[in-house]
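Worksheet: one structure, shown below.
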Ligand SMILES: [Zn+2]
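In this note's numbering, the protein residues as written are 1 to 463.
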């Protein structure tokens with residue numbers, strides 16, 4: 001009897017042990033192979049979206065707009081990971097290395113696009129893997145479609161500045177949906193573009209079955225099945241400036257992309273990037289950073305709606321790096337108490353600092369600066385502050401810091417008005433988040449290097 005009980009107990013322990021090892025095996029061997037979990041993958045990247053950018057957008061949205069964020073809704077699924085993003089050659093990354101680490105799953109050096117650890121040998125990206133499985137693929141950004149993040153999923157060049165090659169490679173690979181700015185890399189010099197090889201890739205795209213669209217209206221009307229959306233010769237507008245353009249929002253691009261790609265019965269992979277949170281943060285532009293983060297949030301909302309209708313969809317939301325060392329700070333212009341940002345003032349801004357600086361031109365007078373700030377930001381800086389901006393005081397005090405002319409000083413002057421400060425005008429090593437929902441997202445919680453995001457997606461595809 002005792003022997004039989006022992007035998008049963010042992011057998012039970014063995015079964016439990018086997019089950020445990022299977023569970024742990026799944027958790028620790030992301031590429032162990034097996035059944036495909038996710039039919040579709042939607043990867044949403046906020047370029048430059050650190051925890052502080054998110055925090056500022058959350059405060060603004062909940063207190064000034066009285067609106068919950070879709071980003072929070074995804075986080076509430078409980079599948080949030082802590083992400084670090086150092087590269088093969090640096091503690092602080094730029095977008096090409098960050099995106100390649102996410103797209104290929106290996107640590108790589110700065111500025112190479114879709115290249116492995118040596119920076120010279122192409123690595124296979126998650127988009128290429130999806131394509132091999134017969135899935136549809138799409139890349140969307142508010143920056144240039146040839147810029148580092150979208151490039152790193154569908155091109156292989158040694159330096160991110162080789163955007164003419166990126167454009168040709170993205171089309172040659174046959175990415176079904178490509179949307180963003182920097183049309184100039186698709187057009188020859190004779191047609192106002194940057195291509196020195198004389199090729200007109202928009203004509204080549206039409207011949208390859210793409211519908212080429214140039215504004216929100218055309219995007220709304222197109223029915224695909226392949227779409228090349230080029231909405232600006234340079235980057236698309238920051239969301240704060242978008243009303244004066246014919247450009248679609250990131251949410252509109254995301255919506256049309258998911259609708260188009262989901263026609264493929266084998267599913268799809270889509271990378272949707274808010275590419276300009278980074279740029280607004282480089283300019284230390286608090287209102288523009290918050291608005292672009294909210295535009296990203298709308299796109300996340302589109303992905304969540306799609307997932308409701310298509311539960312086999314893995315959504316991952318993350319960032320490539322933080323930009324600017326943004327922080328909502330305690331003391332303000334009017335108070336030494338802990339108050340935080342001036343929500344009404346953030347709401348008043350009607351122009352990005354990018355456009356404001358362009359309007360001011362080189363060496364503007366203090367009066368011109370004061371007028372522009374009054375007109376477009378709705379606030380009155382002092383004559384001394386305007387003089388400091390004109391003198392570019394911060395750049396002179398901190399010459400080793402990467403700095404946009406006058407904007408660094410302007411951001412410093414605006415700091416106590418907005419209650420938002422910045423450490424720098426370049427990228428930082430701030431840790432990030434990755435959060436998601438849907439099949440495969442159970443591997444997101446924990447501490448990850450950003451290379452692991454590739455393995456989580458690859459594993460969801462059954463590899
Ligand atoms: Zn950047």
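All residues carry an ideal CB built from backbone N, CA and C; glycine is no exception.
For residue i, the nearest candidate out of the options (CA to CA)
i: residue 142; options: 78, 117, 286, 215; result: 215
i: residue 263; options: 62, 310, 279, 294; result: 310
i: residue 133; options: 346, 36, 108; result: 36
i: residue 89; options: 73, 427, 110; result: 110
i: residue 249; options: 392, 292, 280, 210; result: 292
i: residue 241; options: 383, 398, 428, 352; result: 352
i: residue 193; options: 222, 208, 163; result: 163
i: residue 64; options: 48, 266, 345, 220; result: 345
i: residue 343; options: 48, 59, 34, 54; result: 59
i: residue 79; options: 265, 145, 317, 397; result: 317
i: residue 51; options: 160, 320, 306, 239; result: 320
i: residue 401; options: 243, 381, 426; result: 426
i: residue 209; options: 101, 350, 332, 175; result: 175
i: residue 67; options: 373, 301, 454; result: 301
i: residue 294; options: 71, 34, 148; result: 71
i: residue 446; options: 48, 62, 83; result: 83
Element boundaries [alpha helix (DSSP H), containing residue i]
i: residue 320; result: Counting along the chain, residue 320 falls outside any alpha helix (DSSP H), though it belongs to the beta strand (DSSP E) covering 313-323.
i: residue 255; result: 250-261
i: residue 129; result: 126-132
i: residue 437; result: It is not in any alpha helix (DSSP H) - residue 437 instead sits in the beta strand (DSSP E) that spans 432-437.
i: residue 45; result: Run containing residue 45: none in the alpha helix (DSSP H); it sits in the beta strand (DSSP E), 40-48.
i: residue 376; result: 366-377
i: residue 300; result: 286-309
i: residue 271; result: It is not in any alpha helix (DSSP H) - residue 271 instead sits in the beta strand (DSSP E) that spans 268-274.
i: residue 52; result: 51-63
i: residue 467; result: The shown model of the chain, from 1 to 463, leaves out residue 467, and the question about it has no answer.
i: residue 390; result: 383-391
i: residue 100; result: 95-104
i: residue 348; result: 343-348
i: residue 37; result: That residue, residue 37, is in no alpha helix (DSSP H); it is neither H nor E in DSSP.
i: residue 278; result: 277-282
i: residue 73; result: 70-75
Cβ-Cβ distance between residue i and residue j below 9 Å
i: residue 44; j: residue 369; result: no
i: residue 81; j: residue 448; result: yes
i: residue 410; j: residue 287; result: no
i: residue 114; j: residue 167; result: no
i: residue 270; j: residue 251; result: no
i: residue 177; j: residue 125; result: no
i: residue 186; j: residue 200; result: yes
i: residue 85; j: residue 432; result: yes
i: residue 413; j: residue 385; result: yes
i: residue 38; j: residue 440; result: yes
i: residue 508; j: residue 225; result: Nothing about residue 508 can be read from this structure; the chain reaches only from 1 to 463.
i: residue 272; j: residue 57; result: no
i: residue 304; j: residue 108; result: no
i: residue 181; j: residue 230; result: yes
i: residue 123; j: residue 103; result: yes
i: residue 196; j: residue 189; result: yes
i: residue 139; j: residue 179; result: yes
i: residue 322; j: residue 101; result: no
i: residue 173; j: residue 131; result: yes
i: residue 280; j: residue 354; result: yes
i: residue 397; j: residue 372; result: no
i: residue 152; j: residue 99; result: yes
i: residue 366; j: residue 393; result: no
Cβ-Cβ separation, residue j to residue i (assumed contact under 8 Å), whole Å
i: residue 232; j: residue 218; result: Between residue 218 and residue 232 the Cβ distance is about 14 Å, and since that is not below 8 Å, they are no contact.
i: residue 475; j: residue 277; result: Residue coverage of the chain in this structure runs from 1 to 463, which leaves residue 475 outside it and unanswerable.
i: residue 41; j: residue 463; result: About 12 Å separates the two Cβ atoms, so there is no contact after all.
i: residue 451; j: residue 106; result: 6 Å
i: residue 330; j: residue 284; result: Their Cβ separation, rounded to whole angstroms, is 18 Å, which puts residue 330 and residue 284 out of contact at 8 Å.
i: residue 379; j: residue 417; result: 6 Å
i: residue 306; j: residue 137; result: Not really, about 16 Å apart at Cβ, beyond 8 Å.
i: residue 296; j: residue 274; result: 4 Å
i: residue 406; j: residue 389; result: 6 Å
Start-to-end residues for the beta strand (DSSP E) that takes in residue i
i: residue 247; result: It is not in any beta strand (DSSP E) - residue 247 carries neither H nor E in the DSSP assignment.
i: residue 82; result: 80-84
i: residue 136; result: 136-144
Contact test: residue i Cβ vs ligand 2 heavy atom, cutoff 8 Å
i: residue 282; result: The ligand content of the structure shown is limited to ligand 1, which means ligand 2 is not among them.
I'd like the ranges of any alpha helix (DSSP H) spanning at least 4 consecutive residues and lying wholly in the region 154-241. Here the runs fully enclosed are 163-173, 201-207, 216-221.
So within the region 412-461, which uninterrupted alpha helix (DSSP H) runs reach at least 4 residues, ignoring any that extend past its ends? The qualifying runs are 451-460.
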